[in-house]
Amino acid sequence: MVLVDEHGEKDGGIMVDFRGKPVDNSRTGGWLAAGLILGTELSERICVMGISMNMVTYLVGDLHLSSAKSANIVTNFMGTLNLLGLLGGFLADAKLGRYLTVAISASIAALGVTLLTLATTIPSMKPPPCQNSRKQQCIEASGQQLALLYVALYTIAAGGGGIKSNVSGFGSDQFDTSNPKEEKAMIYFFNRFYFCISLGSLFAVTVLVYIQDNVGRGWGYGISAGTMIVAVLILLGGTRLYRFRRPQGSPLTVIWRVLYSAWKKRSLSYPPQPTMLNEYYNATVPHTGKLRCLDKAAISDDSGVANENKGKPALVSTVTQVEEVKMVLMLLPIWSTCILFWTVYSQMNTFTIEQATFMNRKVGSFEIPAGSFSFFLFITILLFTSLNERLLVPVARKITHTVQGITSLQRVGIGLAFSIIIGMVAAALVEKRRREHFVRENDRIAAFWLVPQFFLVGRGSVCIRGAAGVLHP
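Residues in the sequence shown are numbered consecutively from 634, following this note's numbering.
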């Protein structure tokens, strides 16, 4: 789906260099420019995962907050980061462009991690130490002590959201799809992009989490801040190498325009034939009878509503725009179903990490940090991302006799079954066993009992990615 203004320029006219002139493909873009951009995403993953996967242990252990309140803080942080991705995407598409949005967002994220480093190292930002918050009353962190922490987290969320929504698109802009060689390179770019996401996440939940727990939070978050600052400098240093796509308008603007126009014209009668709708014969998406009420947005009218909105020609949408908005609305049921999955997924870096702190995490004389058990989640995602295309899909093709093997909706259903049903049943059984041993026998069961639920939710996560295929009719 395009969801941009019909009068937008062709691709060749909107790609420019840093001076605003038409790009010289021999001097700009390509793997060198894309590699610098990948570094920004790698740094963002290190920062965000290093914070979210181990923040609960800091909130409970150092700030003496309850498990429920700590989980709330982390999930609110991650939820805000993802929602602000919409704002970052809107600003990039409508006004700033991807480069400027990524550069500003990365700088904001670097500032946020620096503030977090200060919040976790300044002694006055913490309550008095407490040996065991479960056996004695500990003083909970006050609102003033939490203030800097909140400012830091939501500053990181603002920066991370802008990076998340634009960095992959900015990277793909460095390849010219009209050139077969560069088009093939762009496919490899996305493979490397997801590899960087996984690599950054694995580094965060192993090395950084260990440093946070055993060396100090200040060192752990300080490394994240330094990584982000270096990434910003590298990104800015490559400015002359990048290809820039001029903003063409946001899809959100088009969606709002169609919905607003259809509402304003709700009293108008439908035309006798759909061919009378605006730009029917020039539509790039066939007209359908679904959600017919939105067709009124494409009705041209010289009186009534039109006079009320004189000087606003954009009030009349095209058939293509209306049909694309219909597609978006029809995806909402699938999107809402996936909310259940992300509700489960968010518990993997909150309550499950808290579970691990009350389990036996020792391997010989070495004690694994609680946050590092997320390693099993990410390694499962990496494993099945590879196995899906090389083994599972070919087997499914032989059974279903279809090119896809299994449809996108079937993948979503399988993912929900793995994570919500099987994964949460496994988590409940492990928690029941853990509590019984801890309460009755004062014994801690092995933390490796958590591996099955990480495995199942990770397997479900790979399947849920099939939802992206639903976007292509």
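Ideal placement from N, C-alpha and C gives every residue a C-beta, glycine not left out.
Test item: CB-CB of residue i and residue j under 7 Å
i     : j     : result
D726  : S883  : yes
R678  : I830  : yes
L729  : G794  : no
I796  : A739  : yes
Q845  : N982  : no
G1038 : L1089 : no
G672  : I867  : yes
L749  : Y854  : yes
G1004 : V842  : yes
E912  : V952  : yes
V958  : V891  : yes
L948  : S894  : yes
A742  : I789  : yes
T976  : A858  : no
R879  : I1053 : no
P761  : H697  : no
D806  : N658  : no
P1085 : A1061 : no
Of the residues the options, the one placed nearest residue i, counting alpha carbons only
i     : options                  : result
F836  : I684, T872, I1054, F1088 : I684
A785  : H1070, V707, D806        : V707
F1011 : V838, R890, F1051        : V838
M711  : G776, T734, A791, V848   : A791
G1046 : A1029, G1093, W975       : G1093
A1080 : V693, R1067, T917, N911  : R1067
R731  : S757, G804, Q988, G694   : G804
D1076 : I789, V848, M992         : M992
K929  : K923, Y903, Q1043, Y914  : Y903
I1097 : V1058, A1060, R1044      : R1044
P756  : E1069, L781, T734        : L781
I1014 : F984, Y978, V649, T747   : Y978
W852  : I647, C680, Q777         : C680
A989  : R660, L717, V693         : V693
K1065 : S699, W1082, L927, L1049 : W1082
F984  : A704, K654, L724         : A704
N709  : T970, V1072, Y783        : Y783
I1001 : L927, Q764, N847, T810   : N847
G802  : Q980, Q770, S699, E674   : E674
W896  : V840, L927, F1006        : L927
Rounded distance between the beta-carbons of residue j and residue i, thought under 8 Å
i     : j     : result
G745  : N799  : With a Cβ gap of about 17 Å, G745 and N799 do not count as contacting.
M960  : G833  : No, M960 and G833 are not in contact; Cβ-Cβ is about 33 Å, not under 8 Å.
E956  : T908  : E956 to T908, Cβ: 14 Å. No contact.
F1087 : F1017 : Actually they are not in contact, since the Cβ atoms of F1087 and F1017 sit about 12 Å apart, beyond 8 Å.
A931  : L964  : Wrong, their Cβ atoms sit about 20 Å apart, outside the cutoff.
Y875  : A666  : 5 Å
T754  : I986  : Contact doesn't hold; Cβ gap of about 22 Å is too wide.
T872  : S676  : 17 Å between Cβ atoms; not a contact.
D650  : F877  : 7 Å
W664  : A916  : So it is not a contact: roughly 38 Å between Cβ atoms.
Per DSSP, cross-strand counterpart(s) of residue i
i     : result
V649  : P655, F877
F999  : V996
A1079 : N993
Enclosing alpha helix (DSSP H) for residue i [first to last residue]
i     : result
Q770  : No alpha helix (DSSP H) holds Q770; DSSP gives it neither H nor E.
Q807  : Segment: none, Q807 is in no alpha helix (DSSP H) and carries neither H nor E.
N705  : 700-724
P966  : 952-980
E1022 : That residue, E1022, is in no alpha helix (DSSP H); it is neither H nor E in DSSP.
C763  : Run containing C763: none; DSSP gives neither H nor E here.
N687  : Segment: none, N687 is in no alpha helix (DSSP H) and carries neither H nor E.
L1096 : In the sequence on display, residue 1096 carries Cys and not Leu. Unbroken alpha helix (DSSP H) run through C1096: 1084-1097.
I741  : 731-754
D846  : 842-847
C829  : 813-836
I867  : 850-870
Y914  : Premise fails: Y914 is in no alpha helix (DSSP H) and is neither H nor E.
V1072 : 1057-1073
A931  : No alpha helix (DSSP H) holds A931; DSSP gives it neither H nor E.
L901  : Here L901 belongs to no alpha helix (DSSP H), and DSSP marks it neither H nor E.
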